[in-house]
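Okay, structure first, notes after.
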Ligand SMILES: *Cc1c(COP(=O)(O)O)cnc(C)c1O
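Numbering (the working numbering), first residue to last: 22 to 374.
Shown next as structure tokens:
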């Protein structure tokens, strides 16, 4: 049995996936009466009366080009959030297995584990948000199936050290997930180019951030074909709807749009970071490889309220480990960034130092 099959839950290893009408016949024909669809069409101008391709072949072929990854190594989910849930459901036996996360990090890993009655082991990042590979390896148990790493990390914005991640890949016998939701904003190379070397590596990316299509709900997982096959077997067949698939397919033809926005966001990040450093109540602006800045203030609660009262919403991360008095500020348009800065200057004037 392959290492991947051994890691699967017993019931998933034995699963006979649902075979949809669109799976059983995918050739060309002129009369489709196999799926109980409405052959007359749809009420609106664009017809959506036919079930979409459960494996999104057309879109995946395009993504394969853009990402330099073979189609068989690409899974598409209803957001990366669906891939997170599917990985936990496929590999972790409820009430027995565990995942390991490295706080402070993205909240959905824990929520998905909690929903699936899967234990969460926390192996904190260091106070400077660097990855402690020795501690991660030490804390994994025989029942730890998945280690979730996020690079660039949300909410801290830093990349995880390649050597530390490699050490975990080489020594942890389960699945290592590297969540690269913010990879498009960073200068580092992507872990997608390493999936051939590490069959138990899963890399996640998304169209929600740099590509500006959060409402389309389309996330990607890249890994060994065996894991991709499992994810496709566990998911309901039609989680990616035709509107989203077409929308993203068309957007992929406009990489210059994405590139231009990334450079604008880079410029905004630099400007925002430099200007924030000048503000009295700012204690620290953490370096970021993402489209947000983690900023330590002297009183994050007060500043959060001051901004919110003036219609500016940022994310209060001050209850997260190592994030005392920290707000996470997304880099917006030039006007939005300036609105944050001028409101913070207003706050300075309103408080006596
Ligand atoms: C935003 C974000 C995601 C969510 O991606 P979706 O594709 O929109 O579900 C995943 N991981 C991290 C770390 C994020 O910050």
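Glycine included, every Cβ here is placed at the ideal spot set by N, Cα and C.
Query: Quick check on the DSSP output: what are the complete alpha helix (DSSP H) runs of length 4 or more inside the segment 79 to 126, in order along the chain?; Result: 101 to 112
Query: So, residue 33 versus residue 111, is the Cβ gap smaller than 7 Å?; Result: yes
Query: Rounded C-beta distance between residue 290 and residue 309? I'm assuming under 8 Å.; Result: 6 Å
Query: Using the three-state DSSP reduction, which class does residue 280 fall into: helix, strand or coil?; Result: helix
Query: Flag residue 62 as yes if its beta-carbon sits less than 7 Å from any beta-carbon of chain E, otherwise no.; Result: This model lacks chain E altogether, as it is built from one protein chain only.
Query: Quick check: does the Cβ of residue 175 come within less than 6 Å of any heavy atom belonging to ligand 1?; Result: yes
Query: Cβ of residue 127 within 6 Å of any heavy atom in ligand 1?; Result: yes
Query: Cβ-heavy atom distance between residue 100 and ligand 1 below 6 Å?; Result: yes
Query: Quick one: Cα of residue 73 to Cα of residue 57, how far?; Result: 14 Å
Query: Pull the bridge partners of residue 242 from the DSSP assignment, please.; Result: 96, 225
Query: Mind checking who residue 327 pairs with in its DSSP beta bridge?; Result: Note: residue 327 sits in no beta bridge, so no partner.
Query: Residue 347: beta carbon under 6 Å from a heavy atom of ligand 1?; Result: no
Query: On the DSSP letters alone, give me the boundaries of the alpha helix (DSSP H) that residue 143 sits inside.; Result: Run containing residue 143: none in the alpha helix (DSSP H); it sits in the beta strand (DSSP E), 140 to 143.
Query: Report yes if the CB atom of residue 193 is closer than 7 Å to the CB atom of residue 216, and no otherwise.; Result: no
Query: Taking 6 Å as the cut-off, is the C-beta of residue 63 nearer than that to any heavy atom in ligand 1?; Result: no
Query: Rounded to whole angstroms, what's the CA-CA distance from residue 109 to residue 94? Just pull it up for me.; Result: 19 Å
Query: Among the residues of its own chain, which have a CB less than 7 Å from the CB of residue 189, if the five just before and after it don't count?; Result: 154, 157, 158, 168, 197
Query: Assuming residue 347 and residue 303 make a contact with CB atoms under 8 Å, what is their CB distance in whole Å?; Result: In fact, because the Cβ distance is near 11 Å, the residues do not count as touching under 8 Å.
Query: Using only the heavy atoms of ligand 1, determine whether one of them is closer than 6 Å to the beta carbon of residue 227.; Result: yes
Query: Am I right that residue 181 and residue 175 are in contact with their C-beta atoms under 8 Å? What's the rounded C-beta distance?; Result: 12 Å between Cβ atoms; not a contact.
Query: Among 139, 229, 51, which has the Cα closest to the Cα of residue 115?; Result: 139
Query: In terms of alpha-carbon separation, which member of 287, 37, 142 lies closest to residue 204?; Result: 287
Query: The beta strand (DSSP E) with residue 165 in it runs from where to where?; Result: 165 to 171
Query: Is the beta carbon of residue 200 within less than 6 Å of some heavy atom of ligand 1?; Result: yes
Query: Quick one: residues in its chain with C-beta nearer than 8 Å to the C-beta of residue 249, no 5 flanking neighbours on either side, listed in chain order?; Result: 93, 94, 95, 96, 242
Query: Per DSSP, residue 337 is paired with what?; Result: 348
Query: If you compare alpha carbons, which of 149, 148, 117, 145 is closest to residue 134?; Result: 117
Query: Pairs of beta-carbons, one from the segment 257 to 275 and one from the segment 60 to 78, closer than 8 Å: are there three or more?; Result: yes
Query: What separation, rounded to the nearest whole angstrom, lies between the Cα atoms of residue 371 and residue 320?; Result: 14 Å
Query: Are the Cβ atoms of residue 240 and residue 227 separated by less than 7 Å?; Result: yes
Query: Can you determine whether any heavy atom of ligand 1 sits closer than 6 Å to the C-beta of residue 289, and answer yes or no?; Result: no
Query: What residue from 113, 275, 143, 137 has the CA that sits closest to residue 127's CA?; Result: 143
Query: Nearest by alpha-carbon distance to residue 79: which of 270, 151, 125 is it?; Result: 270
Query: According to DSSP, is residue 55 helix, strand or coil?; Result: coil
Query: Give the C-beta separation of residue 101 and residue 236 to the nearest angstrom, bearing in mind that I take them to be a contact with Cβ-Cβ under 8 Å.; Result: Going by Cβ atoms, the distance from residue 101 to residue 236 rounds to 14 Å, so no, they are not a contact pair.
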